[in-house]
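In our numbering, the protein residues as written are 603 to 755. Report on the structure given below.
Below you can see the structure in the form of C-alpha coordinates.
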(Lines of atoms letter the chains of each structure in order from A and count residues from 1; the text may use other names and numbers.)
(Lines give C-alpha, C1' and ligand atoms only; values in the text may rest on other atoms or scores of the structure.)
Protein backbone atom coordinates (compact mmCIF):
# COMPACT_ATOMS: atom_id res chain seq x y z
CA UNK A 1 0.00 0.00 0.00
CA UNK A 2 1.32 3.44 -0.95
CA UNK A 3 2.00 5.77 1.97
CA UNK A 4 0.95 9.43 1.98
CA UNK A 5 4.01 11.67 1.97
CA UNK A 6 3.30 14.17 4.75
CA UNK A 7 6.24 16.10 6.29
CA UNK A 8 4.72 16.28 9.78
CA UNK A 9 8.00 16.84 11.63
CA UNK A 10 8.46 20.09 9.71
CA UNK A 11 5.64 21.53 11.88
CA UNK A 12 7.20 20.82 15.29
CA UNK A 13 8.30 24.44 15.68
CA UNK A 14 4.69 25.60 15.29
CA UNK A 15 3.60 23.59 18.33
CA UNK A 16 3.17 25.44 21.61
CA UNK A 17 4.54 23.37 24.49
CA UNK A 18 4.95 24.41 28.12
CA UNK A 19 5.74 22.86 31.48
CA UNK A 20 3.12 23.34 34.19
CA UNK A 21 4.49 22.01 37.47
CA UNK A 22 5.97 18.65 36.49
CA UNK A 23 3.62 18.16 33.57
CA UNK A 24 4.36 19.00 29.95
CA UNK A 25 1.42 20.46 28.08
CA UNK A 26 0.62 21.20 24.46
CA UNK A 27 -1.79 23.83 23.17
CA UNK A 28 -4.66 22.72 20.95
CA UNK A 29 -5.76 25.65 18.73
CA UNK A 30 -8.95 23.84 17.70
CA UNK A 31 -10.22 23.37 21.27
CA UNK A 32 -8.30 26.48 22.42
CA UNK A 33 -6.89 24.84 25.54
CA UNK A 34 -3.75 23.29 27.00
CA UNK A 35 -3.64 19.49 27.19
CA UNK A 36 -1.32 16.92 28.71
CA UNK A 37 1.44 16.21 26.20
CA UNK A 38 1.14 12.59 25.10
CA UNK A 39 2.40 10.93 21.93
CA UNK A 40 -1.01 10.77 20.26
CA UNK A 41 -1.80 14.39 21.17
CA UNK A 42 1.58 15.54 19.83
CA UNK A 43 0.79 13.75 16.54
CA UNK A 44 -2.70 15.27 16.39
CA UNK A 45 -1.25 18.76 16.82
CA UNK A 46 1.29 18.15 14.05
CA UNK A 47 -1.55 17.12 11.75
CA UNK A 48 -3.58 20.19 12.71
CA UNK A 49 -0.65 22.48 11.89
CA UNK A 50 -0.01 20.68 8.60
CA UNK A 51 -3.67 20.88 7.56
CA UNK A 52 -3.90 24.57 8.47
CA UNK A 53 -0.61 25.55 6.82
CA UNK A 54 -0.41 23.29 3.76
CA UNK A 55 -4.02 22.43 2.98
CA UNK A 56 -5.64 25.72 4.16
CA UNK A 57 -8.23 24.16 6.48
CA UNK A 58 -9.39 26.75 9.02
CA UNK A 59 -9.51 25.63 12.65
CA UNK A 60 -13.29 26.21 12.49
CA UNK A 61 -13.55 23.30 10.01
CA UNK A 62 -11.72 20.89 12.31
CA UNK A 63 -13.20 18.91 15.17
CA UNK A 64 -11.25 16.98 17.78
CA UNK A 65 -12.50 14.02 19.83
CA UNK A 66 -16.07 14.07 18.60
CA UNK A 67 -18.17 11.55 20.46
CA UNK A 68 -20.05 8.92 18.49
CA UNK A 69 -21.81 5.62 19.03
CA UNK A 70 -20.39 2.59 17.24
CA UNK A 71 -22.53 -0.52 17.55
CA UNK A 72 -23.97 0.82 20.81
CA UNK A 73 -20.59 1.70 22.34
CA UNK A 74 -19.36 5.24 22.97
CA UNK A 75 -16.23 6.16 21.02
CA UNK A 76 -14.34 9.33 20.08
CA UNK A 77 -12.85 10.31 16.77
CA UNK A 78 -9.30 11.68 16.79
CA UNK A 79 -9.77 14.40 14.18
CA UNK A 80 -12.45 15.34 11.66
CA UNK A 81 -12.33 17.81 8.78
CA UNK A 82 -15.37 19.47 7.28
CA UNK A 83 -15.86 21.02 3.86
CA UNK A 84 -16.98 24.60 3.12
CA UNK A 85 -20.61 23.62 3.72
CA UNK A 86 -19.68 22.00 7.05
CA UNK A 87 -20.30 18.53 5.67
CA UNK A 88 -18.07 15.76 7.07
CA UNK A 89 -15.13 15.20 4.75
CA UNK A 90 -12.07 13.50 6.33
CA UNK A 91 -11.87 11.14 9.32
CA UNK A 92 -8.48 10.60 11.00
CA UNK A 93 -7.42 7.75 13.25
CA UNK A 94 -4.14 8.62 14.95
CA UNK A 95 -1.88 6.26 16.85
CA UNK A 96 1.28 6.77 18.88
CA UNK A 97 4.46 6.49 16.76
CA UNK A 98 5.43 3.19 18.40
CA UNK A 99 2.12 1.58 17.41
CA UNK A 100 2.02 -0.12 14.04
CA UNK A 101 -0.69 0.58 11.49
CA UNK A 102 -2.29 -2.75 10.72
CA UNK A 103 -5.61 -4.36 9.84
CA UNK A 104 -6.91 -3.71 13.38
CA UNK A 105 -6.41 0.06 12.96
CA UNK A 106 -7.98 -0.01 9.51
CA UNK A 107 -10.94 -1.98 10.86
CA UNK A 108 -11.31 0.57 13.69
CA UNK A 109 -11.58 3.55 11.33
CA UNK A 110 -13.98 1.64 9.07
CA UNK A 111 -16.25 0.87 12.06
CA UNK A 112 -16.18 4.53 13.14
CA UNK A 113 -16.99 5.56 9.60
CA UNK A 114 -19.99 3.25 9.43
CA UNK A 115 -21.96 5.93 11.31
CA UNK A 116 -20.16 8.99 9.88
CA UNK A 117 -19.98 8.09 6.16
CA UNK A 118 -16.91 10.24 5.41
CA UNK A 119 -15.51 10.14 1.86
CA UNK A 120 -11.86 10.34 3.04
CA UNK A 121 -10.12 8.27 5.73
CA UNK A 122 -6.58 8.77 7.09
CA UNK A 123 -4.67 6.52 9.49
CA UNK A 124 -1.35 7.73 10.86
CA UNK A 125 1.24 7.04 13.52
CA UNK A 126 3.49 9.88 12.32
CA UNK A 127 5.97 7.51 10.71
CA UNK A 128 3.42 5.97 8.37
CA UNK A 129 0.40 7.76 6.90
CA UNK A 130 -2.22 6.06 4.75
CA UNK A 131 -5.24 7.59 3.09
CA UNK A 132 -8.34 6.20 1.44
CA UNK A 133 -11.06 7.78 -0.69
CA UNK A 134 -14.54 6.40 -1.35
CA UNK A 135 -15.25 5.42 -4.95
CA UNK A 136 -19.05 5.53 -5.31
CA UNK A 137 -19.03 3.66 -8.64
CA UNK A 138 -17.13 0.70 -7.22
CA UNK A 139 -18.66 1.11 -3.74
CA UNK A 140 -15.28 0.70 -2.07
CA UNK A 141 -12.36 2.68 -0.72
CA UNK A 142 -9.28 3.22 -2.87
CA UNK A 143 -5.82 4.37 -1.84
CA UNK A 144 -5.62 8.16 -1.61
CA UNK A 145 -2.72 9.87 -3.37
CA UNK A 146 -3.00 13.26 -1.66
CA UNK A 147 -5.14 14.93 1.00
CA UNK A 148 -7.55 17.39 -0.63
CA UNK A 149 -7.10 21.13 -0.16
CA UNK A 150 -9.85 22.99 1.68
CA UNK A 151 -10.51 25.12 -1.44
CA UNK A 152 -11.25 21.97 -3.47
CA UNK A 153 -14.25 21.08 -1.34
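Ideal Cβ placement from N, Cα and C applies to all residues, glycine included.
Taken atom to atom, the span from the alpha-carbon of residue 697 to that of residue 682 is near 15 Å. Excluding the 5 residues flanking it on each side, residue 647 has same chain C-beta neighbours closer than 6 Å at 617, 628, in chain order. Of 755, 626, 614, the smallest CA-CA separation from residue 692 is found for 755. Pairing residue 728 with residue 606 gives a Cβ-Cβ distance that is not under 8 Å. Membership of residue 743 in the beta strand (DSSP E) is indicated by the continuous run 742 to 745. Rounded to whole angstroms, the gap between the alpha carbons of residue 663 and residue 615 is 23 Å.
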